[in-house]
Amino acid sequence: MNDSTIVSSTWSTSIPIMTKNMSLQQHQFEITPIFTATTVILFFMVIGIVLGNVLVLATTWLDKRLHQPNKYFIACLAVADLLVGVFSVPIRLYMQFDPLQLYPIKLCRFWFWMDIFCEVASIVTLTVISVDRYFKISKPFKYRVRMDTTASAIVIVNIWLISAVCATFSLFSFGGSDAVTSVVARGCLNDNKIYYTILSVVFFFAPSVIVILMYAFIFYIAHQRQKMNRRGELGQSSAVSKTDKKGKEFRQELKTIRMLSLVVCTFIFCWGPSFILLLIQLYKIEYIVLLPLKDWQIIGSLFIVILPSFNSLCNPLIYACFDRKYNNAFKHLLKKYILCAFLSRQNTRTSTSSTTRRTYLSKESGHSTGNSSSSRLMFELQDNPRASDGQCEK
Numbered sequence: 001m002n003d004s005t006i007v008s009s010t011w012s013t014s015i016p017i018m019t020k021n022m023s024l025q026q027h028q029f030e031i032t033p034i035f036t037a038t039t040v041i042l043f044f045m046v047i048g049i050v051l052g053n054v055l056v057l058a059t060t061w062l063d064k065r066l067h068q069p070n071k072y073f074i075a076c077l078a079v080a081d082l083l084v085g086v087f088s089v090p091i092r093l094y095m096q097f098d099p100l101q102l103y104p105i106k107l108c109r110f111w112f113w114m115d116i117f118c119e120v121a122s123i124v125t126l127t128v129i130s131v132d133r134y135f136k137i138s139k140p141f142k143y144r145v146r147m148d149t150t151a152s153a154i155v156i157v158n159i160w161l162i163s164a165v166c167a168t169f170s171l172f173s174f175g176g177s178d179a180v181t182s183v184v185a186r187g188c189l190n191d192n193k194i195y196y197t198i199l200s201v202v203f204f205f206a207p208s209v210i211v212i213l214m215y216a217f218i219f220y221i222a223h224q225r226q227k228m229n230r231r232g233e234l235g236q237s238s239a240v241s242k243t244d245k246k247g248k249e250f251r252q253e254l255k256t257i258r259m260l261s262l263v264v265c266t267f268i269f270c271w272g273p274s275f276i277l278l279l280i281q282l283y284k285i286e287y288i289v290l291l292p293l294k295d296w297q298i299i300g301s302l303f304i305v306i307l308p309s310f311n312s313l314c315n316p317l318i319y320a321c322f323d324r325k326y327n328n329a330f331k332h333l334l335k336k337y338i339l340c341a342f343l344s345r346q347n348t349r350t351s352t353s354s355t356t357r358r359t360y361l362s363k364e365s366g367h368s369t370g371n372s373s374s375s376r377l378m379f380e381l382q383d384n385p386r387a388s389d390g391q392c393e394k
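Straight run, no breaks: the sequence shown in full-length UniProt numbering ends on number 394.
Below, the structure written as structure tokens:
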């Protein structure tokens, strides 16, 4: 590494690239519109990431219809996204408010470790999901025999082990680098060129190619089966479309695959620019140094700070909008555990004064016939608090 420059990693707090011989006076902290916008976005992103992924995990846990190997992989992805919202983004948000101080080296190491741990877990999980979908489409009978809850649990444990080992290597020095450091006015830095090159190739670009190929094969197989289905409808024999039930299952599986391919595209869109900028920082830093400071701040804020974190918010939204099972499960969960909890509390409060309220509602129904049905419903719920509970248990 050139001795006159220090390379900040993709996960660094320092957006501008600074040379070692720059004085601190040249980088006094000031609140800019870019800083304000980034801080506000990160704040609301933390709330959305935590709530969205907790909802995904709670739904997967409580809804028995989602107790399937492929749904467990989605839950694994939600855990990685949740960790981003609980640790990674809040630490970055904390550092946003005082970027000129010297942060504890343990905090920097934990932050780098957690960021890489979550990123590797996400991309490995997405790769596993793509391979899982490919085998389910191409070899459905073997898939049903081999892929059960135990097999999926073993795969998930291996995903977390690989992610932990990969993240731990980021804390060591390779090729004379300083590894993780904390520098006044520059934040948490990592100049480990060898490590980040391997990380980018092995745990982003290569898996991205594998995932794209898997989904290309999947859609090719789906296209071939649709052609066979059409020939079967015209009177020719087809092993695929023996019954309408199998055809319906295949169409439902294809919808799930489309949803998962959208998850993959979102991941590549959010993380791709970040890794490209990382490699530019490592090998062609002069391209960044020549940029005006304001331009680099905009690029860094958008592609290094916001988009990678935004990916963890996107996945729950995609499940809710494009997966019918998750959509229905979300609605059922919200109705059963939030709306019904509110109704139950209201029933408890009103049970002691049901006689008084019954008289009041009777008078109201006499004055306003338009509200008779709603009054009758409230009367029934208050007179029998278990009525609402029965509705909630459905």
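Note that beta-carbon positions come from the ideal geometry of N, C-alpha and C, so glycine has one too. Remember, predicted model here, so these are calculated numbers, not experimental data.
Check: What's the gap between the Cα of THR5 and the Cα of PHE97?
Finding: Position 5 of the sequence shown, counting from 1, holds the residue named residue 5. Position 97 of the sequence shown, counting from 1, holds the residue named residue 97. Here the model assigns THR5 a pLDDT of 32, short of 50, so the residue's position is not dependable and the matter cannot be decided.
Note to self: Contact defined as beta carbons within less than 8 Å: I believe ILE129 pairs with LEU254. What is the distance between those atoms, to the nearest angstrom?
What the structure shows: As a first step, residue 129 is located in the sequence shown; it is residue number 129 there, counting from the start. As a first step, residue 254 is located in the sequence shown; it is residue number 254 there, counting from the start. So it is not a contact: roughly 15 Å between Cβ atoms.
Notebook entry, point to check: Applying the criterion that 16 or more other CB atoms from any shown protein chain within 10 Å of the CB defines a buried residue, is GLU119 buried or exposed?
Noted result: On the sequence shown, residue 119 is found 119 positions in, with the first residue counted as 1. Buried, by the Cβ-count rule.
Margin query: Please classify ALA206 as buried or exposed, where buried requires at least 16 neighbouring CB atoms within 10 angstroms.
Written below: Here residue 206 corresponds to residue number 206 of the sequence shown, with the count starting at 1. So ALA206 ends up on the exposed side.
Note to self: Just verifying my parser: in three-state terms, what is the DSSP assignment at SER182?
What the structure shows: In the sequence shown, residue 182 corresponds to position 182, counting from 1. Correct three-state label for SER182: strand.
Check: Thinking just about the alpha-carbon of each residue, which of CYS314, PHE322, LYS325 is nearest to the one in VAL46?
Finding: Here the question's residue 46 lines up with position 46 in the sequence shown. Closest by alpha carbon: CYS314.
Check: For the beta strand (DSSP E) that GLY187 lies in, which residues bound it at each end?
Finding: The residue you call residue 187 lines up with position 187 of the sequence shown. 187-190 is the extent of the beta strand (DSSP E) around GLY187.
Check: Once you ignore the five residues that flank PHE172 on each side, which residues in its own chain have a CB closer than 7 Å to its CB?
Finding: The sequence position of residue 172 within the sequence shown is 172, counting from 1. For PHE172, where only same-chain residues beyond five positions count, the Cβ hits under 7 Å are ALA179.
Margin query: What does the alpha-carbon distance come out to for the pair PHE303 and LYS136?
Written below: One-based indexing of the sequence shown puts residue 303 at position 303. One-based indexing of the sequence shown puts residue 136 at position 136. Roughly 35 Å between the two C-alpha positions.
Notebook entry, point to check: How would you label VAL165, buried or exposed, when you count the other beta carbons within 10 angstroms and need 16 or more for buried?
Noted result: By 1-based counting over the sequence shown, the position of residue 165 is 165. Result: exposed.
Next item on the list: Could you check which residue in ASN327, GLY187, ASN192 has the C-alpha nearest to that of GLN101?
Entry: Here residue 101 refers to the residue found at position 101 when the sequence shown is read from its first residue. GLN101 has its Cα closest to that of GLY187, out of ASN327, GLY187, ASN192.
Next item on the list: Note down the Cα distance separating LYS294 from HIS67, rounded to an integer number of angstroms.
Entry: Taking the sequence shown and counting its residues from 1, one reaches residue 294 at position 294. Taking the sequence shown and counting its residues from 1, one reaches residue 67 at position 67. Looking at the two C-alpha atoms, the distance is approximately 49 Å.
Margin query: Can you give me the C-alpha to C-alpha distance between ILE280 and VAL40, rounded to a whole angstrom?
Written below: By 1-based counting over the sequence shown, the position of residue 280 is 280. By 1-based counting over the sequence shown, the position of residue 40 is 40. About 28 Å.
Check: Of all the options LEU199, PHE73, LYS331, which has the alpha carbon lying nearest to the alpha carbon of TRP160?
Finding: Taking the first residue of the sequence shown as position 1, residue 160 is located at position 160. Measuring from the Cα of TRP160, the nearest candidate turns out to be PHE73.
Notebook entry, point to check: Can you give the Cα-Cα distance for MET214 and SER138, rounded to whole angstroms?
Noted result: In the sequence shown, counting from the first residue as 1, residue 214 sits at position 214. In the sequence shown, counting from the first residue as 1, residue 138 sits at position 138. Going by the C-alpha atoms only, they are around 11 Å apart.
Note to self: DSSP three-state label for PHE172, please.
What the structure shows: The residue given as residue 172 occupies position 172 in the sequence shown. PHE172 falls in the coil class under three-state DSSP.
Next item on the list: Can you grab the Cα-Cα spacing for the pair VAL50 / TYR143, in whole Å?
Entry: Stepping through the sequence shown from its first residue, residue 50 is reached at position 50. Stepping through the sequence shown from its first residue, residue 143 is reached at position 143. Near 33 Å, if we compare the C-alpha coordinates of TYR143 and VAL50.
Next item on the list: Return the residue from the list TYR319, LEU189, SER274 that minimises the CA-CA distance to ILE257.
Entry: Numbered from 1 along the sequence shown, position 257 holds the residue referred to as residue 257. Among TYR319, LEU189, SER274, the Cα nearest to that of ILE257 belongs to TYR319.
Notebook entry, point to check: Going along the chain, which unbroken runs of the alpha helix (DSSP H) with 4 or more residues stay wholly within the region 243-304?
Noted result: 244-283, 285-289, 293-299
Next item on the list: Can you grab the Cα-Cα spacing for the pair GLN252 / PHE112, in whole Å?
Entry: Position 252 of the sequence shown, counted from the start, is the residue given in the question as residue 252. Position 112 of the sequence shown, counted from the start, is the residue given in the question as residue 112. Approximately 40 Å between the Cα atoms of the pair.
Next item on the list: Return the chain-ordered ranges of every alpha helix (DSSP H) run that is complete within the region 73-124 and spans a minimum of 4 residues.
Entry: 89-97
Check: Buried or exposed: where does ASN192 fall if 16 or more other Cβ atoms within 10 Å of its Cβ makes it buried?
Finding: Position 192 of the sequence shown holds residue 192. Buried, since its Cβ has 16 or more Cβ neighbours within 10 Å.
Check: Hey, how far is the Cα of GLN297 from the Cα of ILE34?
Finding: Numbered from its first residue, the sequence shown carries residue 297 at position 297. Numbered from its first residue, the sequence shown carries residue 34 at position 34. Distance between the alpha carbons of GLN297 and ILE34 is about 8 Å.
Checklist line | Residue range of the unbroken alpha helix (DSSP H) whose run includes ARG144 | finding: Reading the sequence shown from its first residue, position 144 is the one you call residue 144. First-last of the alpha helix (DSSP H) with ARG144: 140-146.
Checklist line | Three-state class that DSSP yields for HIS67 in the structure shown | finding: Taking the sequence shown and counting its residues from 1, one reaches residue 67 at position 67. Coil.
Next item on the list: May I ask which residues mark the beginning and end of the alpha helix (DSSP H) holding LEU57?
Entry: If you number the sequence shown from 1, residue 57 lands on position 57. Element bounds for LEU57: 33-62.
Next item on the list: Report the rounded CA-to-CA distance for ALA58 versus LEU334, giving the unit in angstroms.
Entry: Residue numbering aside, residue 58 sits at position 58 when the sequence shown is read from its first letter. Residue numbering aside, residue 334 sits at position 334 when the sequence shown is read from its first letter. Roughly 11 Å between the two C-alpha positions.
Check: My guess is that LEU42 and SER309 are in contact by the Cβ rule of under 8 Å, so how many angstroms apart are they, rounded?
Finding: Locating residue 42 in the sequence shown gives position 42, counting from the first residue. Locating residue 309 in the sequence shown gives position 309, counting from the first residue. Going by Cβ atoms, the distance from LEU42 to SER309 rounds to 7 Å, so yes, they are a contact pair.
Check: Would the beta-carbon of SER170 fall within 8 Å of that of ILE105?
Finding: Numbered from its first residue, the sequence shown carries residue 170 at position 170. Numbered from its first residue, the sequence shown carries residue 105 at position 105. Not closer than 8 Å, so no.
Checklist line | Rounded Cβ spacing between PHE267 and LEU55 (contact assumed at less than 8 Å) | finding: As a position in the sequence shown, residue 267 is number 267, starting the count at 1. As a position in the sequence shown, residue 55 is number 55, starting the count at 1. About 20 Å separates the two Cβ atoms, so there is no contact after all.
Check: For the putative contact between PHE217 and TYR134, defined by C-beta atoms under 8 Å, what is the C-beta separation to the nearest angstrom?
Finding: Along the sequence shown, read from residue 1 onward, the residue named residue 217 stands at position 217. Along the sequence shown, read from residue 1 onward, the residue named residue 134 stands at position 134. At roughly 6 Å, the Cβ-Cβ gap stays under 8 Å, so PHE217 and TYR134 are in contact.
Next item on the list: Mark ALA239 as exposed unless 16 or more other C-beta atoms lie within 10 angstroms of its C-beta, in which case mark it buried.
Entry: Mapped onto the sequence shown, residue 239 falls at position 239. Residue placement at ALA239 is flagged as unreliable, the pLDDT there being 49, under the threshold of 50; the coordinate-derived value follows with that caveat. It counts as exposed.
Next item on the list: Drop a sphere of 10 angstroms on the beta-carbon of ARG65, count the other beta-carbons inside from all chains shown, and report buried for 16 or more, exposed for fewer.
Entry: In the sequence shown, the residue the question calls residue 65 occupies position 65. It is exposed - the Cβ of ARG65 has fewer than 16 other Cβ atoms within 10 Å.
Note to self: So, for GLY48: in the same chain, excluding its five sequence neighbours on each side, which residues have a beta-carbon less than 6 Å away from its beta-carbon?
What the structure shows: Your numbering for residue 48 matches position 48 in the sequence shown. Cβ neighbours of GLY48 beyond the five flanking positions: LEU313.
Next item on the list: Would you give the residue range spanned by the alpha helix (DSSP H) that PHE330 belongs to?
Entry: Within the sequence shown, residue 330 is the residue found at index 330, counting from 1. Start and end: 324-334.
Next item on the list: Within 10 angstroms of the Cβ of THR10, are there 16 or more other Cβ atoms? Answer buried if so, exposed if not.
Entry: Stepping through the sequence shown from its first residue, residue 10 is reached at position 10. Because the pLDDT of THR10 is 38, which lies under 50, any placement of that residue in the model is unreliable, and the number read from its coordinates should be weighed accordingly. Buried, by the Cβ-count rule.
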